[in-house]
Amino acid sequence: GFEIEFTKAVAPAWLADQLNYEVRQWTYTSTGDYGGPKIDDHALKVTAAVPSDDGRRVALAIPGLKPGYCVHIRTDPKSVDGEPMWATEAWYTLGTIPRAEPTKFATLNASLVASEATINIRPDAVGVGLFPPAEAVSLLGRSSRNHFFSAKEKNKAPTDGRTSKEISAAPQYIEMSTEAGDLTTRASFGDCRLHVEWYCPPGGEGQMAGNSGVYLQNLYELQVLGTLAGVPPQKSEAGAIYNFKAADVNPSTGPGTWQAYDAWFRAPRFKDGQKTESARLTLYWNGTLVHNNVEITAPTGSAAAIGEKSTGAIQTGPLRLQAHASAANGPVRFRNVWIAPLEPVPSKPGEWTNLIDGSSLKGWVTRGGKAEFRAENGEIVGSSRPDSPNTFLVLEKPYDNFELLIDVKQDKDLNSGIQIRSIVEGGLENRPGRLIGYQVEMDPSARAYSGGLYEEGRRGWLAPLIDSPYARVAYKPGDWNGLRIVASGPIVRTWINGVPAASMFDAAAIGSHIALQVHDVGRRTEPLEVRFRNIRLRELK
């Protein structure tokens with residue numbers, strides 16, 4: 044239901060009358076404009092109205108509320124001093140419905156100790172039902188396919204997209220399946236704060252009682268199992284760093300209930316390919332501290348034979364949710380998985396800078412293929428050439444943390460994109476060098492992934508728009524499209540024509556260059572063009 048607060052007191056007896064409220068809810072099909080036609084518009088009944096003693100608030104019980112629906116509430120009371128309501132109605136879009144389980148608050152502070160600093164952990168809240176903070180990226184819920192792929196989908200490029208109706212009808216969790224295999228994030232992380240909620244159904248015994256696991260960096264397993272409440276902790280039971288260290292205590296609520304892990308993870312450090320510091324983990328299980336600043340010296344579980352490695356200073360790797368054989372009465376489930384930076388990221392904006400002067404390509408260089416770029420009427424125009432690989436106009440000055448605005452207009456048959464945090468293979472001076480790094484896709488095809496995040500020359504899709512129907516319809520074919528990109532620490536977010544498109548947490552960026560792409564067109568001889576204008580940037584510090 045809802046709680047309504049009034050600016051002036053209303054008679055509690057009036058507020059307690061359920062007939063004094065009208066409630067409707069609906070969903071809608073997204074369009075290129077705000078909103079869209081209503082779908083499934085129907086009335087709801089208020090079954091209870093509980094006013095506060097002072098008449099300033101009322102709590103309404105409204106069965107049948109649906110996540111993803113817009114709710115309209117109308118009521119028309121007068122204050123106790125006779126003044127009529129200024130606003131008699133309200134609209135609220137339900138992103139999700141808070142769960143009945145209470146958020147549990149941490150009773151013990153913790154830490155992560157590193158060579159250069161100690162990270163003090165004083166969480167305001169941990170446990171089941173905890174919503175992601177503003178700086179987090181949601182990885183799994185009703186929508187999950189932007190961030191995860193199954194073992195069955197490995198090495199297959201995504202091409203599809205779910206509709207708003209399909210996403211609204213889906214459950215707010217995902218069920219693990221040994222047929223589909225493990226779920227692995229497309230992106231990789233280093234240091235992070237991670238929240239995972241999991242459910243083991245009743246049934247099965249020992250390691251067949253709803254077995255699964257949460258693999259940090261694909262290497263370090265947090266055991267998921269239908270462990271009973273009250274049994275002594277073991278290295279193979281829930282809460283354990285599997286076969287490495289048992290949980291300090293067992294706060295399990297038992298199979299058939301939702302449980303939560305809240306992890307603070309510091310990745311291993313490397314120098315010249317040699318490990319100098321091991322991974323460290325602090326973990327809360329259902330609001331109880333079960334691992335405090337534990338040094339994990341090697342991979343665990345099924346990853347024990349893989350080994351640790353990094354070409355950079357910090358090891359990175361994906362998050363993997365294990366699909367394990369089980370004799371429980373149903374599959375293991377996961378929901379409300381989100382990830383956030385371990386420490387604050389750059390967020391203070393500087394002054395806006397124009398990256399083009401409107402009459403030349405000063406400060407930019409062409410790299411890669413044979414397509415041509417020119418300055419024209421305040422725009423940069425890229426023109427394709429046959430039998431040419433992808434061509435890039437590269438900004439010579441590097442940028443790491445920034446907000447970038449750019450308008451793009453392209454021929455309907457020409458793919459394009461904006462490279463960020465990229466390198467030129469062989470160095471900036473290498474004329475035929477291809478770009479390697481993040482690309483914000485500009486996709487005029489029916490797939491409609493404009494605003495999605497792809498890694499050129501390396502991992503491929505990191506944040507496609509499978510579960511982003513609003514963004515997929517925001518692109519305007521044959522017209523100017525406004526793109527906004529914010530890159531801050533490990534988080535990159537994009538908007539297409541003001542509509543949120545992609546959100547990604549990835550710590551494996553390898554460069555700092557921005558570039559404009561003309562995609563290869565095969566043997567097509569007719570030049571295809573893409574235009575860029577209003578390219579502005581401000582750094583974040």
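Here the sequence shown is numbered in our numbering, starting from 44 and rising by one per residue. We put the beta carbon where it would ideally sit given N, CA and C, even for glycine.
Remark: C-beta atoms of Ala550 and Ile357 approach each other more closely than 8 Å. One alpha carbon belongs to Ser465, the other to Gln266, and they sit about 37 Å apart.
In the DSSP assignment, Thr409 is bridged to Leu436.
Boundaries of the beta strand (DSSP E) harbouring Leu265: Tyr263 to Val267, taken from the DSSP string.
Counting only runs that start and end inside the stretch 158–243, the alpha helix (DSSP H) elements of at least 4 residues fall at 207–212.
Counting C-beta pairs with one atom in each stretch, the stretch 283–290 and the stretch 385–398 have fewer than three that are closer than 8 Å, which means they do not touch. Going by DSSP, Trp395 is part of no beta strand (DSSP E) at all; its letter is neither H nor E. The residue among Ala371, Gly350 and Trp57 with its C-alpha nearest the C-alpha of Pro94 is Trp57. Look at Pro512 here: in three-state DSSP terms it is helix. Contact holds between the stretch 433–441 and the stretch 555–573, because three or more Cβ pairs, one in each stretch, are under 8 Å apart. Collapsing the DSSP output to three states places Trp57 in a helix.
Partner residues in the beta bridge of Glu419, as assigned by DSSP, are Glu422. Residues of the same chain with a CB within less than 7 Å of the CB of Gly247, apart from the 5 flanking positions on each side, are Gly253, Gly269, Ser369, Ala370 and Ala371 in chain order. Around Leu505, the same chain offers Arg229, Ala230, Leu496, Tyr497, Glu498, Met547 and Asp549 as residues with beta carbons nearer than 7 Å, after the five sequence neighbours per side are excluded. With fewer than 16 other beta carbons inside 10 angstroms of its own, Ala130 counts as exposed.
With contacts defined by Cβ atoms closer than 8 Å, Ala414 and Gly494 do not form a contacting pair. Around Ala92, the same chain offers Leu58, Ala59, Asp60, Gln61, Asn63, Tyr64, Val101, Ala102, Leu103 and Ala104 as residues with beta carbons nearer than 8 Å, after the five sequence neighbours per side are excluded. When secondary structure is reduced to three states using DSSP, Asn63 falls in the helix class. Around the C-beta of Arg417, fewer than 16 other C-beta atoms lie within 10 Å, and the residue is accordingly described as exposed.
In the structure shown, Ala530 adopts extended strand secondary structure according to DSSP, grouped into three states.
Assigned with DSSP and collapsed to three states, Gln250 falls in helix.
Gly355 sits away from Leu262, with the two beta carbons spaced by 8 Å or more. Going by beta carbons, Ser154 and Asn336 fall inside the 8 Å limit. Sorting Ile382, Arg376, Arg309 and Cys113 by C-alpha distance to the C-alpha of Thr300 places Arg376 at the top. Only residues of its own chain outside the window of five on either side were considered, and among them Trp69 and Tyr71 have a CB closer than 7 Å to the CB of Lys81, listed in chain order.
The C-beta of Arg536 has 16 or more other C-beta atoms within 10 Å across all chains shown, which makes the residue buried. Gly532 sits buried, since 16 or more C-beta atoms from the chains shown fall within 10 Å of its C-beta. Exposure of His85 is indicated by the presence of fewer than 16 other C-beta atoms within 10 angstroms of its C-beta. When the Cα atoms are used, Phe445 and Val89 turn out to be separated by approximately 47 Å. Under DSSP, Glu132 forms a beta bridge with Arg117. In the pairwise beta carbon analysis, the stretch 278–287 is classified as not touching the stretch 309–321: fewer than three pairs are separated by under 8 Å. For the pair Glu468 and Arg502, the Cα-to-Cα distance works out to about 15 Å.
Nearest Cα to Arg236 within the set Ile553, Ile217, Ser181 and Phe192: Ser181. Counting C-beta pairs closer than 8 Å gives three or more between the stretch 515–534 and the stretch 468–487, which meets the contact rule. With 16 or more neighbouring CB atoms inside 10 Å of its own CB, Tyr304 falls in the buried class. Runs of the beta strand (DSSP E) lying entirely within the stretch 254–306, each at least 3 residues long, are 255–259 and 263–267 in chain order.
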